[in-house]
Amino acid sequence: MAEALRALQDYHGVVLHPVSSEVWVMHPFSTAPTNFWIESEKGSWWGNCAWCSLGAAALLDRDLTITTTLGGESKQVVVEIKSGQIMNKKIFIHFPIPMVKAWENVTYTCSTMLMFESESEIDNWCERHGMEKGDVQPINNVWEFSKVWYGNHLNRDWVKWSVNEAKEIFDRFELKNPIWNMPSNGGRF
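The following block contains the structure:
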């Protein structure tokens, strides 16, 4: 079983604990506590990041809330999703890590995909934390993108997006910032 889990991790299907075969992450869900708490009347879950939390919400396909802290700091926000719609649309998501490097340390990558109330908050956050500003997207665009990105995760015949398929999805949602640039190849994202 451990060998099969390691193969699935190499395929980017799960993330294992660094010293065991325990599954930490099965995108878009996390088994470890994170800064993203997803809750509905039928249960509660952790999401890995802003993007994953919206992907989990899309897969759950029910009214729910995502509770997080803005910029991973002290101000809490609750994102409500009702009847498939984001209720508080004045939220932005920052993607600071280039997608081509995302899987070098996917736990770190996810830890930096955070929600903010304004682009100026992102600028201040980047300056305080010595991080390059990446792409900033309104929550509703990431919500629609997440529905497509994670849309096949419940299929029995699920396969990871190829790099070329990923690039097509990025283009479809007008993700044009250099953060989203990927080399064309036959590999999986």
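So the sequence shown is numbered by the working numbering: it starts at -10 and just counts up by one. Ideal Cβ placement from N, Cα and C applies to all residues, glycine included.
- Message: Buried or exposed, going by whether 16 or more other CB atoms sit within 10 Å of the CB of Leu164?
- Response: As a working mapping, residue 164 is identified with position 175 in the sequence shown. Buried, by the Cβ-count rule.
- Item | Residues near Gly123 in its chain [Cβ-Cβ closer than 8 angstroms; skip 5 each side] | One-based indexing of the sequence shown puts residue 123 at position 134. Correct list, in chain order: His83, Phe84, Pro85, Ile86, Pro87, Asn166, Ile168.
- Supposed contact pair Ile70 and Leu53 - C-beta distance, whole angstroms, cut 8 angstroms: Your numbering for residue 53 matches position 64 in the sequence shown. Your numbering for residue 70 matches position 81 in the sequence shown. The Cβ separation is near 6 angstroms, so the contact holds.
- With C-beta atoms as the reference, is Phe159 less than 8 angstroms away from Pro127? As a position in the sequence shown, residue 159 is number 170, starting the count at 1. As a position in the sequence shown, residue 127 is number 138, starting the count at 1. No, these two residues do not count as a Cβ contact at 8 angstroms.
- Task: With Leu23 as the anchor, note down where its beta strand (DSSP E) starts and where it stops.
- Result: As a position in the sequence shown, residue 23 is number 34, starting the count at 1. The residue asked about is misnamed: residue 23 is Thr in this sequence, not Leu. Premise fails: Thr23 is in no beta strand (DSSP E) and is neither H nor E.
- Query: In three-state terms, what does DSSP make of Val66?
  - Reply: Locating residue 66 in the sequence shown gives position 77, where the first residue counts as 1. It is a strand residue.
- Just reading off the alpha helix (DSSP H) that Trp169 is part of, what are its end residues? Translated into the one-based positions of the sequence shown, residue 169 becomes position 180. Looking at the DSSP string, Trp169 is not in any alpha helix (DSSP H), and its letter there is neither H nor E.
- Item | Given Ala45 as reference, the closest of Asn174, Ile111, Leu143 once Cα atoms are compared | Here the question's residue 45 lines up with position 56 in the sequence shown. Comparing Cα-Cα distances from Ala45 to each of Asn174, Ile111, Leu143, the minimum goes to Leu143.
- Which whole-angstrom value is the C-beta distance of Val4 and Val95, which I expect to be below 8 angstroms? Taking the first residue of the sequence shown as position 1, residue 4 is located at position 15. Taking the first residue of the sequence shown as position 1, residue 95 is located at position 106. Between Val95 and Val4 the Cβ distance is about 6 angstroms, and since that is below 8 angstroms, they are a contact.
- Over what stretch of residues does the alpha helix (DSSP H) that includes Val12 continue unbroken? Residue mapping note: residue 12 aligns to position 23 of the sequence shown, counting from 1. Per DSSP, Val12 belongs to no alpha helix (DSSP H); it is in the beta strand (DSSP E), 12 to 15.
- Length of the line joining the Cα atoms of Gly36 and Lys156: The sequence position of residue 36 within the sequence shown is 47, counting from 1. The sequence position of residue 156 within the sequence shown is 167, counting from 1. Roughly 23 angstroms separates the two Cα atoms.
- Integer-rounded CB distance, given that Trp26 should sit under 8 angstroms from Ser33: Taking the first residue of the sequence shown as position 1, residue 33 is located at position 44. Taking the first residue of the sequence shown as position 1, residue 26 is located at position 37. Confirmed, Cβ separation roughly 7 angstroms.
- Output the distance between the C-alpha atoms of Val68 and Val137, rounded to the nearest integer angstrom. Within the sequence shown, numbered from 1, the residue matching residue 68 stands at position 79. Within the sequence shown, numbered from 1, the residue matching residue 137 stands at position 148. Distance between the alpha carbons of Val68 and Val137 is about 20 angstroms.
- Message: Helix, strand or coil, according to DSSP, for Ser151 in the structure here?
- Response: Numbered from 1 along the sequence shown, position 162 holds the residue referred to as residue 151. Strand, per DSSP.
- Tell me, which residues are paired with His6 by DSSP? Mapped onto the sequence shown, residue 6 falls at position 17. BP columns for His6 are empty, so no partner.
- Which runs of the beta strand (DSSP E) fall wholly inside the segment 35 to 81 and span at least 3 residues, in chain order? 53 to 58, 65 to 71
- Message: Cutting at 7 angstroms between CB atoms, please list the residues of its own chain near Lys64, excluding the five before and the five after it.
- Response: Taking the first residue of the sequence shown as position 1, residue 64 is located at position 75. So the qualifying residues of the chain are Thr58.
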